[in-house]
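Under our numbering, the first residue of the sequence shown is numbered 710, with each subsequent residue one higher.
Take a look at the structure below.
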Amino acid sequence: MRALEFALLAVCAASLNAADFYVDPINGSAAGTGTAGDPWLTIQQVVSDNLIESRDWDTHPYSTGASLQTRNPAAPVKAGDTIWLRDGYHGELILNGWYNSSAITIAAQAGHTPQLSRVSIIGAQNWTLDGLSVSLEHAPSYTQQTIITLRDDSFWGPASHLTVRNCDVYCVNDTSAFTAQDWLDNHATAFDMRSADSQLIDNTIRNTRYAIACSGPDCIVRGNVIENFSGDGIRGLGDYGLYEYNVVKNAIDVGDAHHDDGFQSWTVGSGGVGTGAVTGIILRGNLFINHENPTHPLRTTMQGIGCFDGFFDDWVIENNVVITDHWHGITLLGARNCRIVNNTVIDLYTGTPGPSWIEIGHHKTLGPSENCVIRNNLANTISIPSGQTNVIEDHNITVTNPALHFVDPLSFDMRLLDTSSARDAGSNSLSPSLDADQIGRPYNSTVDVGAYEWHPPGWTGPPGGGGGGGDGGSGGDGGCSTMPRQEYFWVGVLLLCVVILGQRLIIRRTNF
């Protein structure tokens, strides 16, 4: 117990002693001291001049049993510190083999928009990027390559606890006049995230090929806006990932054979694609829109949530709004113990492909889906091919005329009219306690069908839950925190530190 106390006190001391450093490409100097009045030049220079103390493995290639040793001992920047970046071009950020005992934050100073051309954090731990503009277009010459890479590596070692938040990430800033060939010549992946326990929070991701490819376990992808992509919006391939409250819109047809998806997953096992399992994914409160402009010359027919090469085990898909022009609104082929509850899946256009469906069906080669629930959904079609094992479908409503249910479907507002037959037509069993606007449900004693719970203006949710909001507007989180798990951990650590310090102070006074 005493060892634990000392460890917690050390963490508290590190937090209290955290320092701030400043970097300014316009007015700074490589010979600076890193203070606000004497800043360094660029973040690339800070890294290359070994001004950050961290740790790395004592042997490479990395092998199990390797030990961490200090790199750049006595460098000014240490674990827990923040490096504030000012306006200007900072070059590339390459951190391969940098393991911090607590997070080092690289952030935009208030009122500044620092620019980076790309980020590569490989075989590293405890880094946070906040408020940066990261674009291939910022570089002196344009090169098609992944913009932000966060991953483990056989040479550098495992990667974990990497966070990117509030960043603007794009290939090219303006694609309004792009032809299909322009897209092919310029698009690239925005995020390749293969690190564990990592987070992408509240980023804007524009004009990319694949916006987010996440194969690391226990990752959180929350509150991001993905706009204009020529491949997939999100690829979720790692176990126990949480994907919530993201907006994915405007898929672009570049004339290749790729089928574009708002969200896509597949498995890889010993026999290749479709022979493994992806487990424990939560897809909650996301908005997928095929394209905001129905006459855009490169508009494609995006699939919504497409998961075709299972098995997909223990998934929860709830409160999502999928507006597409394809059959695949939400499709799981090879699902076990999954539930699809309170989603709104609509094809607004006539003709094929479409109309959209919610489907749980057979794995392509390995047999039926089993023990799944499709409940409380608004969709054009519900499809459960014969031969599935204990796949339950109930309290769903088939939509043939969106105008009878939604506030403004042509403007993609799928909140319910007070006259919709979806009101009070659901089942409370397995229904999420919040709707897609994070407003508590139910308004009456029974939940509504679909992603949104109808409520009158000013209603704040049922007693003991729900948030604020106007007529169909967004509200709070109903007392249900969306704080990331690692932040819960650090809050707990700090509270324990306070308790321990308080106990020691009481003991000292008593002994005195």
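Cβ atoms here follow ideal geometry from the backbone N, Cα and C, with glycine treated the same way.
What are the boundary residues of the beta strand (DSSP E) that includes residue i?
i: residue 794; result: 791 to 794
i: residue 1016; result: 1012 to 1018
i: residue 842; result: 842 to 844
i: residue 908; result: 908 to 910
i: residue 805; result: 801 to 817
i: residue 1066; result: 1066 to 1070
i: residue 1272; result: Missing from the structure shown is residue 1272; the chain here goes from 710 to 1221 and no further.
i: residue 1038; result: 1037 to 1042
i: residue 880; result: Here residue 880 belongs to no beta strand (DSSP E), and DSSP marks it neither H nor E.
i: residue 777; result: 777 to 780
i: residue 1030; result: 1030 to 1033
i: residue 993; result: 991 to 993
Between which two residues does the alpha helix (DSSP H) holding residue i run?
i: residue 889; result: 889 to 895
i: residue 753; result: 752 to 757
Per DSSP, what are the beta-bridge partners of residue i in this structure?
i: residue 938; result: 917 and 960
i: residue 746; result: DSSP, once it has assigned bridges, lists no residue as partnering residue 746.
i: residue 831; result: 805 and 860
i: residue 902; result: 859 and 923
i: residue 1045; result: 1022 and 1079
Kindly indicate which residue of the options has the alpha-carbon position closest to the one of residue i.
i: residue 960; options: 989, 967 and 999; result: 999
i: residue 1074; options: 1015, 866, 817 and 1019; result: 1019
i: residue 939; options: 750, 1125, 957 and 952; result: 957
i: residue 954; options: 923, 995, 934 and 936; result: 995
i: residue 794; options: 781, 801, 821 and 769; result: 821
i: residue 1083; options: 750, 1097 and 1104; result: 1104
i: residue 1071; options: 904, 867 and 1043; result: 1043
i: residue 928; options: 914, 840 and 944; result: 944
i: residue 992; options: 749, 1010, 1047 and 1006; result: 1047
i: residue 801; options: 1005, 778 and 856; result: 856
i: residue 1062; options: 1037, 1081 and 972; result: 1037
i: residue 757; options: 890, 926, 1021 and 739; result: 739
i: residue 968; options: 918, 1131, 765 and 1147; result: 918
Thinking residue i and residue j are a contact (beta carbons under 8 Å), I'd like their distance in whole angstroms, please.
i: residue 976; j: residue 949; result: The pair is not a contact, with the Cβ atoms about 14 Å apart (cut-off 8 Å).
i: residue 735; j: residue 796; result: 6 Å
i: residue 761; j: residue 784; result: 6 Å
i: residue 1125; j: residue 1157; result: 6 Å
i: residue 932; j: residue 911; result: 4 Å
i: residue 804; j: residue 833; result: 5 Å
i: residue 1090; j: residue 1077; result: With 8 Å as the limit, residue 1090 and residue 1077 do not qualify as a contact, their Cβ atoms being about 19 Å apart.
i: residue 1054; j: residue 1013; result: 7 Å
By the 10 Å Cβ neighbour count, where 16 or more other Cβ atoms means buried, how is residue i classified, buried or exposed?
i: residue 1017; result: buried
i: residue 1049; result: buried
i: residue 888; result: exposed
i: residue 1101; result: exposed
i: residue 1003; result: exposed
i: residue 853; result: exposed
i: residue 1122; result: exposed
i: residue 1113; result: exposed
i: residue 726; result: exposed
i: residue 812; result: buried
i: residue 1170; result: buried
i: residue 763; result: buried
i: residue 789; result: buried
i: residue 973; result: buried
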